[in-house]
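**Q**
Chains as they are written, first to last, in our numbering: chain A, 1 to 327; chain B, 1001 to 1378; chain C, 2001 to 2306.
1. Can you give me the Cβ contacts of residue 1298(B) inside the same chain, cut-off strictly under 7 Å, excluding the 5 residues immediately before and after it?
2. Could you work out which residues of chain A lie near residue 2108(C), taking near to mean beta carbons separated by less than 8 Å?
3. Can you tell me the Cβ-Cβ gap for residue 2103(C) and residue 301(A), rounded? I've got them flagged as a contact below 8 Å.
4. Using a Cβ-Cβ distance cut-off of 8 Å, determine whether residue 158(A) contacts chain B.
5. Give the secondary structure of residue 2126(C) by DSSP, where H, G and I count as helix, E and B as strand, and everything else as coil.
6. By Cβ distance below 6 Å, which residues in the same chain neighbour residue 1158(B) in space, the five residues on each side in sequence not counted?
7. Against chain A, which members of the segment 1077-1100 of chain B pass a CB distance test of less than 8 Å?
8. In the DSSP assignment, find the beta strand (DSSP E) that holds residue 1162(B) and state where it starts and stops.
9. The alpha helix (DSSP H) with residue 1197(B) in it runs from where to where?
10. In this structure, how does DSSP classify residue 2138(C) when only helix, strand and coil are distinguished?
11. Do the segment 1356-1366 of chain B and the segment 1123-1135 of chain B make contact, defined as three or more Cβ pairs closer than 8 Å?
12. To be precise: take each residue of the segment 1178-1190 of chain B, compare its Cβ to all Cβ atoms of chain C, and keep it if any distance is under 9 Å. Which residues remain?
13. For residue 1304(B), I'd like the list of residues in its chain whose CB is within less than 7 Å of its CB, leaving aside the five on either flank, ordered along the chain.
14. Can you have a look at residue 1391(B) and say buried or exposed, based on whether 16 or more other CB atoms are within 10 angstroms of its CB?
15. Under a Cβ-count criterion, where at least 16 other Cβ atoms within 10 Å of its own Cβ denotes burial, should residue 1125(B) be classed as buried or exposed?
16. If we ignore side chains and look at the alpha-carbon of each, how far apart do residue 8(A) and residue 1099(B) end up?
17. Hey, would you say residue 1093(B) sits closer than 8 Å to residue 1036(B), going by beta carbons?
18. How close, in whole Å, do the beta carbons of residue 2242(C) and residue 2251(C) come, if the pair is a contact with beta carbons under 8 Å?
19. Between which two residues does the alpha helix (DSSP H) holding residue 1998(C) run?
20. Drop a sphere of 10 angstroms on the beta-carbon of residue 92(A), count the other beta-carbons inside from all chains shown, and report buried for 16 or more, exposed for fewer.
21. Is any beta-carbon of chain C found at less than 8 Å from that of residue 1249(B)?
22. Would you mind reading off the limits of the beta strand (DSSP E) that contains residue 1264(B)?
23. Quick one: what does DSSP say residue 1056(B) is sitting in, helix, strand or coil?
24. Using 10 angstroms around the beta-carbon of residue 234(A), count the other beta-carbons present and answer buried if the total reaches 16, otherwise exposed.
25. Please classify residue 158(A): does DSSP put it in a helix, a strand, or coil?
26. Using CA coordinates, which residue listed in 10(A), 24(A), 58(A) is at the minimum distance from residue 262(A)?
27. How is residue 1330(B) classed by DSSP in three states: helix, strand or coil?
28. Just the Cα atoms here: how many angstroms apart are residue 2290(C) and residue 167(A)?
29. Express the C-alpha separation of residue 1040(B) and residue 1385(B) in angstroms, rounding to a whole number.
30. With H, G and I counted as helix, E and B as strand and the rest as coil, what does DSSP make of residue 1363(B)?
31. So which residues on chain B does residue 27(A) lean against when the C-beta distance must stay under 9 Å?
32. Compute the distance between the beta-carbons of residue 2231(C) and residue 2099(C), then report whether it is under 8 Å.
33. For residue 2061(C), I'd like the list of residues in its chain whose CB is within less than 7 Å of its CB, leaving aside the five on either flank, ordered along the chain.
34. Does residue 36(A) have its Cβ less than 8 Å from a Cβ in chain B?
35. With 8 Å set as the bound, which would you pick, yes or no: does the beta-carbon of residue 1163(B) sit closer than that to a beta-carbon of chain A?
36. Does any CB atom of chain B fall closer than 8 Å to the CB of residue 2119(C)?
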């Protein structure tokens, strides 16, 4: 049983060490795998703000993941074909600059999260789960039929976007960008959880009426959490699209929403590094179990089942014990 | 996710027959699990049958499962190029995965031999000198259906396909060769399983024929429901809904339907006869067109390897373009955009004993290339 | 757009709704009584279809195949309930989501391992096939009418079970207050297993009946699962009546939307754009419907008011 803080530090150190080792041993694919894990972790950290802190079980978070991805795809597509995105009422050109793309991805996901949140938060419990799923599905079917941007075929981006000062095609550079973002977001998450907002949100999750009697509006708190959560997952989507140099409607699918949620549940709900642990373990399982047998999904399912049945609180809960109020 | 790594090489047995002493590594990314796995499994089995039958011991094939997900396919391609350092890649079934992987693989200098997916972008504007398609360009089988409809005298067709790029291409391809009226044109929902509404519309439309492209489970559902509805119009479609793997699941509902394909098991040449026999002996089932495509791809590769190693890119490419191998389709020829110029047959679904299969009833298109070759230049 | 066509499409919508009801009824019972989100319900549907295909292939009898489907799904359901689900009642929805998602993986790949990767053959028997002529001159497939009848019978049967029998009383009480009926001496674990088995059997029956006119393949349950969830949310969790109404609404919206939205768009767009936009909107239609219902009634049409 080790302290959660130590575990968090260990996980991050390992996450940094393995790609560095891979770089010195000429294993670029390991770096790509690590980047994939980091990006998934980022998406899950985003969801965790709504889910873990706010108690909002959103099965439609792939909507934001996809919005971020398509924001990147559309801007880069127009940049590489030298056509403007829009000419009227005002000119918007495409761009291949990562910071700009991230900004656009975050803003659009934030707006979407605001609209979806306002409508969905009128419901609660399993109804909330279902209405968020519905919104995810709406985006999914819309993107399949949006022929201008590839429809089901998706959009191909030939070269990774530019980040000032770095050659982003070198795997370790792109990994460094993603890892830095993940660490910043984790820091933000930690601060948020301890801030007055975070404490109020935590209370709203557990006892909404009491929060109301104190004079705060639990719905507003949840909406803010939902929007922040959407923004972060949207950013992860833009990075994911950049990693694969490809965007497609599967980023909007309910299976994707389910996977993001699984990272959290596997790693440990409401734990700071729970999503990170979950994402890393899942990506590793996906990679290594495939070598065992053609029917490796069975083993994956069995493993997940064991974790749920016997490791309450996820893997972090297993290793670091129950959550402590003050660490 | 490594499934199998078939190592047919020993360092000692590198006999030269015009090829260098170095082995060749082939990376096959295909769909081996989930709903569409039958196609990938067939391609893989056909490919490996040919590799096993050749007397070369220096070809190593790395096979991975793309789970029908574009991001997994991209990741596997990265792994094969960066980690496994393959020389040639192949295997992808679906056009959207192909579009995600092929442009960047060929841009990095790898050769790609497609045993199935033939998106129009890669046949036309996006063509690349390292990309070869051994099966067909996506529109081909639909164009053949249109030509067959025209030749048979259908004047008022009702056409339907799912609302996604391959579906839209299918209807475009059919309309390119068909010259009659359209009683109706419907885009169904991707993954839709209940076609009662569409069949009702067909019944009410006064059409004289039906053309549909509904791959996989969608086609099975449509055929069963159509057969049960009493609407007795002749049906024509591409082979994708009538291949050997699907026919057994549809049963009597498919009998009599005409479908177009570049291959059938009764094409009369020695290579094809041997292929069908050995495939059935090895795997216990009749091959489908996908299996024949995998088989031909492997044989094309082997024939080129006799002349040059992929490291000598120009010579290897020229050898591939020559296509000097025995194909299950008889003579095989590439067009200038590296897509086949071939006959496309009209076949009818029949029952042989207990087994549903196809029989060739005519040639729908002769020496047909594709509509996008003019846009290709490299 | 003739009246005959419109009537035929309405019938189609009803029929697809009724089939959805079989899935949704089981799901709403399980969720209502046990508070359990069961993502593996789609797998039970698939197991029913595969069992039916296997038995029909062996014996040639459709009736036997249906019985086998219900039995196989019910047995699978009981096994799952005893081994896995029992430990999840006390946990929150998240753990249930993960556990039942893991079950989907196991069932799907397990089925592929046993039956292979190619779709299986299952067909409607000759005595049920072919069209019949309805009053008004409408030609309609006989089997679909049979499906509508079966579905309505099941709905009636379930309704009677819930309102007129002892078990029904226990189920309704369990939906309201689980601890109380346990305190009153009802054997909760037996009740739960029974409800789960019943829900599973319904799913298996749906799988077999629908598999006969669609395709029997791995993964066939997932799209239906999503729709079933949409239905029970629209109808209100725990309510059989809600499941029926919700299912009919979803079936009609899906079918009629798919037919009439493209026609609507053709009024002010050119044909091929109208086609693709129309069908795009049609595929989103059910979700828009669910969103609208939830915004108006946050717990569904017949769900418990907060």
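Beta carbons: idealized from backbone N, C-alpha and C, even for Gly.
**A** Answer, in terms of the structure:
1. Along the second chain, read from residue 1 onward, the residue named residue 1298(B) stands at position 298. Within the same chain, residue 1298(B) has close Cβ partners 1047, 1050, 1051.
2. Along the third chain, read from residue 1 onward, the residue named residue 2108(C) stands at position 108. The answer, in chain order, is 297.
3. As a working note, residue 2103(C) is residue 103 in the third chain. As a working note, residue 301(A) is residue 301 in the first chain. Yes, residue 2103(C) and residue 301(A) are in contact; Cβ-Cβ is about 7 Å, under 8 Å.
4. To locate residue 158(A), count along the first chain from 1; it is residue 158. Interface residue, yes.
5. Taking the third chain and counting its residues from 1, the one referred to as residue 2126(C) is at position 126. Reduced to three states, the DSSP call for residue 2126(C) is helix.
6. To locate residue 1158(B), count along the second chain from 1; it is residue 158. Cβ neighbours of residue 1158(B) beyond the five flanking positions: 1183, 1184, 1202, 1205, 1207, 1210.
7. 1078, 1079, 1082, 1083, 1095, 1096, 1099, 1100
8. Position 162 of the second chain, counted from the start, is the residue given in the question as residue 1162(B). Where residue 1162(B) is concerned, the enclosing beta strand (DSSP E) stretches over 1156-1162.
9. As a working mapping, residue 1197(B) is identified with position 197 in the second chain. Looking at the DSSP string, the run of the alpha helix (DSSP H) that includes residue 1197(B) is 1196-1205.
10. By 1-based counting over the third chain, the position of residue 2138(C) is 138. Strand at residue 2138(C).
11. no
12. 1185, 1186, 1187, 1188, 1189, 1190
13. Position 304 of the second chain, counted from the first residue, corresponds to residue 1304(B). Excluding sequence neighbours, residue 1304(B) sits near 1316, 1319, 1320.
14. It is not possible to answer for residue 1391(B), since the shown part of chain B is limited to 1001 through 1378.
15. For the purposes of this step, residue 1125(B) is identified with residue 125 of the second chain, where counting begins at 1. The residue in question, residue 1125(B), is exposed, as its Cβ has fewer than 16 Cβ neighbours within 10 Å.
16. By 1-based counting over the first chain, the position of residue 8(A) is 8. By 1-based counting over the second chain, the position of residue 1099(B) is 99. For residue 8(A) and residue 1099(B), the distance between alpha carbons rounds to 39 Å.
17. Here residue 1093(B) refers to the residue found at position 93 of the second chain. Here residue 1036(B) refers to the residue found at position 36 of the second chain. Yes; because the gap between Cβ atoms is below 8 Å, this pair is in contact.
18. In the third chain, the residue the question calls residue 2242(C) occupies position 242. In the third chain, the residue the question calls residue 2251(C) occupies position 251. That belief does not hold up - the Cβ atoms of residue 2242(C) and residue 2251(C) are roughly 15 Å apart, past 8 Å.
19. An answer regarding residue 1998(C) cannot be provided, because it is not within the stretch 2001 to 2306 covered by chain C.
20. As a first step, residue 92(A) is located in the first chain; it is residue number 92 there, counting from the start. Burial call: exposed.
21. Within the second chain, the letter at position 249 stands for residue 1249(B). By this cut-off, residue 1249(B) is an interface position.
22. Counting from 1 along the second chain, the entry for residue 1264(B) is found at position 264. Counting along the chain, residue 1264(B) falls outside any beta strand (DSSP E), and DSSP gives it neither H nor E.
23. Along the second chain, one-based indexing puts residue 1056(B) at 56. In the structure shown, residue 1056(B) sits in coil (DSSP, three-state: anything other than H, G, I, E or B).
24. Taking the first residue of the first chain as position 1, residue 234(A) is located at position 234. So residue 234(A) counts as buried.
25. Looking up residue 158(A) in the first chain gives position 158. In the structure shown, residue 158(A) sits in coil (DSSP, three-state: anything other than H, G, I, E or B).
26. Locating residue 262(A) in the first chain gives position 262, where the first residue counts as 1. Nearest option by C-alpha distance: 58(A).
27. Counting from 1 along the second chain, the entry for residue 1330(B) is found at position 330. In the structure shown, residue 1330(B) sits in a strand (DSSP, three-state: E or B).
28. As a working mapping, residue 2290(C) is identified with position 290 in the third chain. As a working mapping, residue 167(A) is identified with position 167 in the first chain. Using only the alpha carbons, I get a separation of about 47 Å.
29. Outside the shown range of chain B, which is 1001 to 1378, sits residue 1385(B), and nothing can be said about it.
30. Sequence index remark: in the second chain, residue 1363(B) carries index 363 (1-based). It is a strand residue.
31. On the first chain, position 27 is the one that residue 27(A) refers to. Under the 9 Å cutoff, chain B gives 1082, 1083.
32. Within the third chain, numbered from 1, the residue matching residue 2231(C) stands at position 231. Within the third chain, numbered from 1, the residue matching residue 2099(C) stands at position 99. No, the pair does not count as a contact, with Cβ atoms beyond the cut-off.
33. Counting from 1 along the third chain, the entry for residue 2061(C) is found at position 61. Closer than 7 Å at the Cβ level, and outside the excluded window around residue 2061(C), lies no residue.
34. Here residue 36(A) is taken as the residue at index 36 of the first chain, counted from 1. Chain B, which has a Cβ nearer than 8 Å to the Cβ of residue 36(A), makes this yes.
35. Within the second chain, residue 1163(B) is the residue found at index 163, counting from 1. It does: the Cβ of residue 1163(B) has a partner Cβ on chain A nearer than 8 Å.
36. What you label residue 2119(C) is simply residue 119 of the third chain in a count that begins at 1. Yes, because at least one Cβ of chain B sits closer than 8 Å to the Cβ of residue 2119(C).
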